[in-house]
Amino acid sequence: NDNKRFNYREYLERRNIFAIINASEKNVTLLAHNYKINPILKYAYLVREKIKNQFLEKMPLESGAFLRVILLGDRSELPKRLRESFRNSGTMHILPAQNTKKLNYSS
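Note that our numbering has the sequence shown beginning at 2, numbered continuously upward.
Written out as structure tokens, the structure is:
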């Protein structure tokens, strides 16, 4: 029945979500913010960023990028050739889904 078909857009609107943005983390720049951050989450984020950068600084590109995917869910530095190898071999599903972040602005 078409009347009972799930409508994702309406579902999001009922939850006051009116836009979805997909962007690679490396293409997003935080200009400023005026919100309070939980100090534990802030520290965890800083540690995560430090670990991400260490993988690329201390290891060959493909190895470091692969570890970022497996351990942190970050595909942003995964070389296209390696991504295509996983896709072509039918093993892309073993890689964690790209880490997504939800931005919630409330007044």
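Don't be surprised by glycine CBs; every beta carbon is placed ideally from N, CA and C.
Q. Alpha carbon to alpha carbon, how far is ILE52 from LYS43?
A. 14 Å
Q. Quick one: what does DSSP say PRO97 is sitting in, helix, strand or coil?
A. coil
Q.
Can you list, in chain order, the residues of its chain with a C-beta nearer than 8 Å to that of PRO80? Leave out the 5 residues immediately preceding and following it.
A. The beta carbon of PRO80 lies closer than 8 Å to those of LEU62, GLU63, ALA66 in the same chain, with the five residues before and after it left out.
(Q) With H, G and I counted as helix, E and B as strand and the rest as coil, what does DSSP make of SER64? (A) helix
**Q.** Residue range of the unbroken alpha helix (DSSP H) whose run includes VAL29
**A.** Neither: VAL29 is in no alpha helix (DSSP H) and is coded neither H nor E.
Q | Cβ-based neighbour list, VAL29, same chain, cut-off 8 Å, excluding 5 preceding and 5 following | A | none
Q: Check whether the Cβ atoms of LEU47 and VAL70 lie closer than 8 Å to each other.
A: No, the pair does not count as a contact, with Cβ atoms beyond the cut-off.
Q: Can you grab the Cα-Cα spacing for the pair ASN11 / PHE19, in whole Å?
A: According to the sequence as given, residue 11 is Glu; it is not Asn. About 9 Å.
**Q.** Of the listed residues LEU83, SER90, ASN89, SER77, nearest to ASN23 (C-alpha basis)
**A.** Per the Cα distances, SER77.
Q. Thinking just about the alpha-carbon of each residue, which of PRO40, SER25, PHE87 is nearest to the one in ASP75?
A. SER25
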